[in-house]
Structures are given as C-alpha cells and as structure tokens.
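To keep things clear, I will list the structure first and then write my remarks on it.
Chains as they are written, first to last, in this note's numbering: chain A, 12 to 505; chain B, 12 to 505.
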C-alpha cells in the first residue's frame, strides 16, 4: 500500500518554480468557482506519521489559495468545552459549509490510529471506531461533500534521517519533540495500524490518497495538483436531473393497526390529581438533575407530534424544575441559509448539550423523515438513509452519557379540529393557528404513516420513542415528566 | 424498533380469500417482467426468532410465484465442501442471477446473531461480523441487486403461546424441537442482539423490514405485497443515463517515478543456474504443499502483467511440482452471459480453492481496474469502488488461511515489441499474438497508470503484490517460485 510512496520521489527547484505560478492561479480560479456555485463543501483530511509534515503542507495550501474561503482547524487535546460533548462533536463543529474548503488537520482518523499503535486501545476498539468513521464519512459523501483524504507517508529510513538532520541543526532542533522520537520508535506498529485503517476507511468516493512526503516540493505539488483536479472536476460536473431510486418502498401495515391507532386516547386525569402529580414529578426531576451523578450526564428531549397536540405546554412543564442556566429550548423552523449549506444534522449538532445540561428540541432532526418526506422536500433516497444517520447520531449521544428521550404527542383527528377551531375563536390563541396547520391536516394520513415508519425505524433501546396520547393535556404532561424522570433515573443507576 | 410488530396484527380469512388471487397474479406479472428485463437480481433474506415461521413464508411465496424463476437456498450446518472455504463462500454461491429471485433462508445474518445471543461470540466479534456484512451488502446493492430483508417478529408472549399450542396438539408436537425451546429461553437476549444487528445493517437501500409474524395471513400477505411493490418499482424504474461521478481523480505521480519505472530490468540468470534454482524451488514447493500444516491452508496465485511478459511460462513452472488433483488454472477471458448476470466477483468466487488446494488465475478480478478501466468498460465509480471490494475479498480469503500471492509480470516496452515480432515470425507462436495485443500496446501509458494505481490501492500485508521484472524469463520464473515458497512458508509458521 505504501510501495509507491517509498520510491524517493522528488521535484527539483527548477520545475517547482516553473509550475507553481500556474498551479496557484488555477487553484484560485477553481476556488472562486466553488464559492460562487456553493454546490458542495470540500473537506480535506491530512494524515501521516509526522505531524510537522502535514503542518507544512497546510501552510503551503493556505499560501496558494484564498484564505478567506478556507478554514483550518487543528485538533490537539480536546478543550474543556469539547470534553463535555461526544468525541465527534468537535469535528461536527468544524465542517466547512458549501462553497468553502475546510482543512481538518489531525482529523477524526488520528486518535483511533495513534491509540491503537501505542497500545491504548484493542484491535476490536479500533474496528469499532473504523465502523463509526465509515458511517460518518458515508453520510458526508451522501450529503454531497467532496472529501479528500491525503496520507503523507515518509519511509522509515527517510524519517530517521529527517529527525537526525533536524536535531543536528541548532536552528531546527526545537522542532524535534520528545513525541516525535517516541513516535518514531513505534514506526512499524504505526505503519501496520495505518495500513489497516486506510484499507478499511477507503471507498470509491472517499479514498485515501497516499503521497510520499520526504521531499517537500514533491509533496506539496502533488497535493496541490490533486486538490485542483478534484475541485475542478466537481465544479464542472453537471448536476444530475435523475438519481435512480434504489430504496424499496415502505408500505403501511395491511390491517388498520399501527402504533398510533393502538394508543388509548381515553387516558385522563382529574385537575386535582394533576396538580399533585405535577408537583411530585417536577420535584423528582429537580432532584435528579441536581444529583452528583448527573455531572456525567446530559439530557436531550425531542418533541414531535400532531399540530396542536400540546408540545409547548408539555415543554414548559418539563423545564419548570430545571435551573435556567442548565437548559436550552430549541424551536426548529425551516433551516437558515447557513444551515442549508451544511449536512442536515449540522443544525442539531450545534445544540448538543454539555454535560449536566439539557436541550429540548421543539421539533427536531426528525423533520427529514416527517415534513420533508411528506412534502417531497427530500427525495426518497435521502429520507430513507436518514433513519440510519439519525440512529447513529443518537447512539453517539447515548454512548457518551446523554439521556435521549423522544416524544410523539398524538391527538385524534377530531380533537385536533376542536383545538384548531378554539384557537381561531380565542383572540390570544390566534397566532397559534396558520394556514399551514390546515394544509398539514389535509395530509393527515401521509403524516401518520411517516410517523409510524419513524417509530419503527428509530425507536431503539438506547433512544426509544414514547408515544403520548394527548387528548387530555394534563395526562400528557404528567406522562412526559414521568418518562423523563424514569429515563434519567435509569441512566444514573448505570 | 419492534413496537409496531407487537400490536397483534391480523388478517381474517375473508380478506385473505378476496386479496390473494389478485396478489398472485400481480406477483407473477412482476416476476415475468423481471425475468424478461434481466435488470437486476432480487435477493430475499428472511430472519426472525422462529425458524418455522420463515419456512412457512418461503413456502407461501413459492406457491404464489413461478418457481422456475426462484431459487431457495437454506443454510443449515455447513457441508464438508463449504467448511473448506471462507464462511461467506456458500452465500456467494447462492446468489441469484439478474432476472431471478433468490431466497436465502437463514442467510448471512443468522450465525452472527445466534452466536452472540447464545454467548459464543463477543460484542466485538459481532461488530466485526456486522462490518463485513455491511460492506458485502453495500457491494451487492452497488452492483444493482434489489436486496429485500424481512425480519419476522413474534412477541414473546405470542411465541410462548405458539410453542405451547403446537406442543399440545399431537399432530404438530413434532414441530417444536429442543432447539425451539432453548431459543425461547434466550428470547430477551436474542431480541437485544437482533435490535443492534438490525440497526447496524439497515441502510436506505437495504433496510430491514420488520413484520409481525404471529398471524400467518397477516405475515404472508404483508411480505407478499412488499415483495410485489419493490419488484414493480424496480421494473418500472427508468435506467439513468447519467450517474453523477463522486470519485476524486487519481493522478499519476508528478515525477516520472512509479513502482514500474523503479524495477530493475537488468535482473538476469544464467541458463545453468536457472536449471539448478528451478529444481531447488520446485522441490521446496512440492515439500511445502505436502506438509501436514498445509491441510489448513490453500493457495491463490494471481498473474497479471504486460502482454507477452511470460505469464504462461511462469504458471507452468509454478504448477510443475503440484499434485494435478490439487490445483486448477483458471484463464480469465471476457465474462460469459451467465457471469455477466452476477456481481463481477462472482466468476472468481466460483474458483476459490478448497483447503489443501491451489487456484492459479491467469488474469483475474483485477480486470475491473485494468482493462475495464482503461477501455472504459466500467464507469469510474465502479472501478473506484472495486479496490475496496477486492481488498475485502482477498482479506476474507487470507483470514481463512488462504495464501494470496499476486504477480505483476513486467517487461519494458522495447522487450515487448521484440517478443511481439518474434511471435509473428515464428509459426508455432503466431496464435499467441492478436490485433488486441497491438491495440493494447498503443495504450501502454494508460495501462501503466492503472497498474500502478492497482498496486497502490490493493497491495496489503495480507495480500501483497510482487512486481517481477521479466525481461529475462528465467529470472522471472525463479522469482515467482521463490516468492510463492516464502509466502507459503510464512503462512505455515503462523
């Protein structure tokens, strides 16, 4: 795999001087076209045995291109803020938007490889990391990203000489750190792990491109030309009018039974009992979220449901007992321009709570498989793959200690009509009812099937759906509170 | 995930009688269109807690459809023949060709799930299996297969009642085996593992479709209608003229150096020394392949290279010392019609050697990234993903104990010309030179880049490429023999 990166490739100064000006101009032009078209983000990962080498290459690319359209992010030890979130969070935050180039320097590949090479993780753990990375990269590519992965390889002997030469010269000796020496001792282990990693995370759409990095000119000219060719190709690519649909159809159950039809809408609670229960469960939630063990936990609560099912009211009762510095309520509307320039999950990644905190989503990432599916805003291939992407996302949260609870607040069609009419009649409720609500109501059955498919495909042990019959708002609120308390409790006991 | 398959779905006899005739007719029509179009194979996997249930569903589908275009394969304990090959081999052999429906009953999902649920494998092993399955299924889908995966779910209480009722009735008691009872005891573990497996192996293009299977009519009508809708959709799908190219370009090295240019073509050996060495290494290979430890090994040798580089001669010397019952030489030409109806690796899967045996491929699966790439027979997206598919395939062989050696026999352009002319002049060699050879020669540089990219992307520790400068045929033959001996030897020592 490293054969052709061990041949001693070089580029002489004459050729460098002759070729670089034209390359720079072409890169700038390609970059300009990319930023005008805003068709896709370009994500550059740079890996390899020697950190300094990647750093120099990044500097060169910045020198050649327009730095206003490039973002460079390095990932040294995680910051305090980053430690409070799942490991992938810092990468989610660092993705470039469409039209921009983002260089992720020591990206998501580094820790898994180094940890394995230095014996801090097992082969099985490496493979699990690889699996997650493959799924994540696959999602990025499906979302349209141009993902370019360069592996800068230095043969063992060349690396030995390189470190020696640097150390000898007083002006460069500082560049050889203890870490470099230590890494070099593990060169063979590193190489072996890297081969496995590169093989397993290469795909037709996001292959690792291995480049010999001993000679700086060869290295930088190679990477520069490769970036240029890839961006040029993407910019020139005609957008396809028709992508073949490869997803099998999801049919509704052939009897009338589904998870919604089987809900018991007669659930009800007296006003008096509601008051006592509310106090009891809010008290319990206050206690639980102030528990010492909750310092290693966080809460994500998702609210979806029929229009006028009472999401707002339930959310207010849920956050009542929480410390206001501790939670955010994120109402989800149509994505902003900034958000549309990113993978659809990006606007939710932003709001992942820190440890000890809670984020309540009033509508959520499930929009993709609900409104976007029903209204035809996302093609079938996109919402079909979203189920898995969502499961992956939620399981990353859960693995990190985030309690994930998801509510579908359901009302019957009659009850919804009653509430719509009530809203129209009551002056201070009129803002709550729009033409959209009536339009959605006409698609009642389509939304219903979408909701049932969503539950079938995304209700998992670690992130289960709770379907709440909400014809009685009081009963619904208590049920939500109780469910959250129990989920947090179970999590604290682990 | 199993919520809506635990609602007690039923279909009454009246509805069944009313709907089945139309369903059968539609299924037969869809099946006919599929077999006429030969656009894709349909692969049906059926899984679930209860084996009998899947069996009944399969019987029903066979009753409804034209059995001439369906193949059913069950996978009980592996046969002797199957035990001699990598675990996936029996599934490779069982895939339906384009235009046909293949039901794989207890497919590749069964063993990983059952082994984990019964504690015979670790969580990490399960995840490694999942990873392989995901990659394999992804390849099938990329090759155009319609992959339908049904999970027939029976809620715990329903399963308990079911087994009880069967056991009570003397006519059906025989159907409840000790295995059924034992499985039932592990119901919860099985369910948990199944959820994880289903989540990780579902994708937009090959999702698991979970169906409640307690009521036979509901179960069979649901599966029947789902198969119908999926096949109808695929048959009606317009073939896309343009699939967007998402693969970044592979560029040749920017200096003239590549793994071929760096070969030392001056390697040579005297006739006398050749004779001694030939005897020595052939003797060694005879000994090695008759070693007791070779009973758990097999050999796959791949020969690729320039036209007239001497593949035939090298192969003859290699098989010389082998027992003729022990090896096959498979010359690869253009695929037959039968082979074109399958994933491109299928024609090679067929020839995977048993343990103790050897298969020598004169040209190979690398055709996809060599001739098919250069001649434009496969689009870029296909040959780009082939590198990974090939690596997966070879690593499956290697993991099973197959020694994989791959040779690129290289001659210089001048030497080739000399040999071509010699062939034209020598009557008994004229059959060896065709117009194709001259045509290929015109594309020397394109083939060269394809060969170098191939080495870069598929030479791995477990299945390395050996590049053999072959201007001197004798030297080349000895080098091949020596390389094979050393690879077998290393493998025996493990």
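Positions of the beta carbon are idealized from the N, C-alpha and C atoms, including for glycine.
Query - residue 458(B), enclosing alpha helix (DSSP H) - first and last residue - result: Residue 458(B) -> alpha helix (DSSP H) spans 455–469.
Query raised in the report: CA-CA distance, residue 356(B) and residue 376(B)?
Result: In this structure, the CA atom of residue 356(B) is about 7 angstroms from the CA atom of residue 376(B).
Requested in this report: For residue 339(B), name the three-state secondary structure that DSSP assigns.
Outcome: It is a strand residue.
Query raised in the report: Of all the CB atoms in chain B, is at least one closer than 8 angstroms to the CB of residue 135(A)?
Result: Closer than 8 angstroms: yes.
Requested in this report: Give a yes or no on contact between the stretch 491–503 of chain A and the stretch 292–309 of chain A, applying the rule of three or more CB pairs nearer than 8 angstroms.
Outcome: Cβ pair count under 8 angstroms is three or more, so yes.
**Report entry** Where residue 466(A) meets chain B, residues with beta-carbon distance less than 8 angstroms
**Finding:** Correct list: 14, 15.
Report task. In angstroms with no decimal places, state the Cα-to-Cα distance between residue 196(A) and residue 274(B). Result -> One C-alpha to the other measures close to 30 angstroms.
Report task. Could you tell me the boundaries of the alpha helix (DSSP H) in which residue 123(A) lies? Result -> For residue 123(A), the uninterrupted alpha helix (DSSP H) segment begins and ends at 121–128.
Report task. Determine the direct distance from the alpha carbon of residue 164(A) to that of residue 158(A), and round the result to whole angstroms. Result -> Rounded to the nearest angstrom, the two C-alpha atoms are 19 angstroms apart.
Report task. Could you tell me whether any Cβ in chain A is nearer than 8 angstroms to the Cβ of residue 463(B)? Result -> Closer than 8 angstroms: yes.
Query raised in the report: If you follow the beta strand (DSSP E) that residue 371(B) is part of, which residue opens it and which one closes it?
Result: Note, residue 371(B): beta strand (DSSP E), 369–373.
Report task. Let me know the alpha helix (DSSP H) ranges lying completely inside the stretch 199–270 of chain B, each 4 residues or longer, listed in chain order. Result -> The DSSP assignment places 227–247 as complete runs of the alpha helix (DSSP H) inside the stretch 199–270 of chain B, in order along the chain (cut-off: 4 residues).
Query - Residue interval of the alpha helix (DSSP H) (run including residue 144(B)) - result: Element bounds for residue 144(B): 134–153.
Report task. Taking only the alpha-carbon atoms, compute the straight-line gap between residue 270(A) and residue 113(B) and give it to the nearest angstrom. Result -> Cα to Cα, residue 270(A) sits roughly 32 angstroms from residue 113(B).
Report task. Taking only beta carbons into account, state which residues of the stretch 179–208 of chain A come closer than 9 angstroms to chain B, listed in chain order. Result -> Against chain B - using a Cβ distance shorter than 9 angstroms - the residues of the stretch 179–208 of chain A are 203, 206, 207.
Query raised in the report: Looking only at its own chain, which residues have a Cβ that is under 7 angstroms from the Cβ of residue 216(A), when we skip the five neighbours before and after it?
Result: Result list for residue 216(A): 152, in chain order.
Query raised in the report: When you compare each of 349(B), 318(B), 348(B), 300(B) to residue 338(B) by their alpha carbons, which one comes out closest?
Result: Ranked by Cα distance from residue 338(B), the first of 349(B), 318(B), 348(B), 300(B) is 300(B).
Query - Interface residues of chain B facing residue 22(A) [CB-CB closer than 8 angstroms] - result: At a C-beta separation below 8 angstroms, residue 22(A) has these neighbours in chain B: 265, 266.
Report task. Look up residue 364(B) in the DSSP assignment and say whether it is helix, strand or coil. Result -> Here residue 364(B) sits in coil by DSSP.
**Report entry** Straight-line gap, residue 67(A) to residue 81(B) (C-alpha atoms, nearest Å)
**Finding:** Rounded to whole angstroms, the separation of the alpha carbons of residue 81(B) and residue 67(A) is 60 angstroms.
Query raised in the report: Residues bridged to residue 498(B) by DSSP?
Result: According to the DSSP secondary-structure assignment, residue 498(B) is paired through a beta bridge with no residue.
Report task. Could you tell me which uninterrupted beta strand (DSSP E) segments, each at least 3 residues in length, are contained entirely in the stretch 58–113 of chain B, listed from first to last along the chain? Result -> Qualifying beta strand (DSSP E) stretches, in chain order: 81–85.
Query raised in the report: What in chain B is Cβ-close to residue 142(A), meaning under 7 angstroms?
Result: For residue 142(A), the chain B residues whose C-beta falls within less than 7 angstroms of its own C-beta are 138, 142, listed in chain order.
Requested in this report: Step through the CB atoms of chain A and report whether any lies within less than 8 angstroms of the CB of residue 555(B).
Outcome: This structure leaves residue 555(B) out entirely; chain B is present only between 12 and 505.
Query - 8 angstroms Cβ cutoff, residue 396(A) in contact with chain B - result: Residue 396(A) counts as touching chain B.
Requested in this report: Please check if any C-beta of chain A sits within less than 8 angstroms of the C-beta of residue 460(B).
Outcome: Chain A contact via Cβ: absent.
Query - Where residue 480(A) sits in the DSSP three-state scheme - result: Looking at residue 480(A) - three-state DSSP - the assignment turns out to be strand.
Query raised in the report: DSSP on residue 54(B), reduced to helix/strand/coil?
Result: The answer is strand: DSSP assigns residue 54(B) an E or B state.
**Report entry** Cutoff 7 angstroms; reference residue 227(B); Cβ partners in own chain excluding five residues on either side
**Finding:** Within the same chain, residue 227(B) has close Cβ partners 67.
**Report entry** 6 angstroms Cβ shell around residue 592(A) - same chain, five flanking residues per side excluded
**Finding:** Nothing in the structure corresponds to residue 592(A), since chain A is present only between 12 and 505.
Report task. Please decide whether residue 236(B) counts as near chain A, where near means a Cβ-Cβ distance under 8 angstroms. Result -> Cβ-Cβ to chain A under 8 angstroms: yes for residue 236(B).
Query raised in the report: Does any C-beta atom of chain A lie closer than 8 angstroms to the C-beta of residue 31(B)?
Result: Not closer than 8 angstroms to any Cβ of chain A, the Cβ of residue 31(B) fails to qualify, so no.
Query raised in the report: If you run the structure through DSSP and keep just helix, strand and coil, what is residue 503(B)?
Result: Under the three-state reduction of DSSP, residue 503(B) is assigned to helix.
Query raised in the report: At a Cβ threshold of 8 angstroms, is residue 36(B) touching chain A?
Result: Chain A contact via Cβ: absent.
Report task. Return no unless some Cβ of chain B is closer than 8 angstroms to the Cβ of residue 273(A). Result -> By the rule that beta-carbons nearer than 8 angstroms mark a contact, residue 273(A) touches chain B.
Requested in this report: Residues of the stretch 158–174 of chain B with a CB closer than 7 angstroms to any CB of chain A: list them in chain order, please.
Outcome: Correct list: 159.
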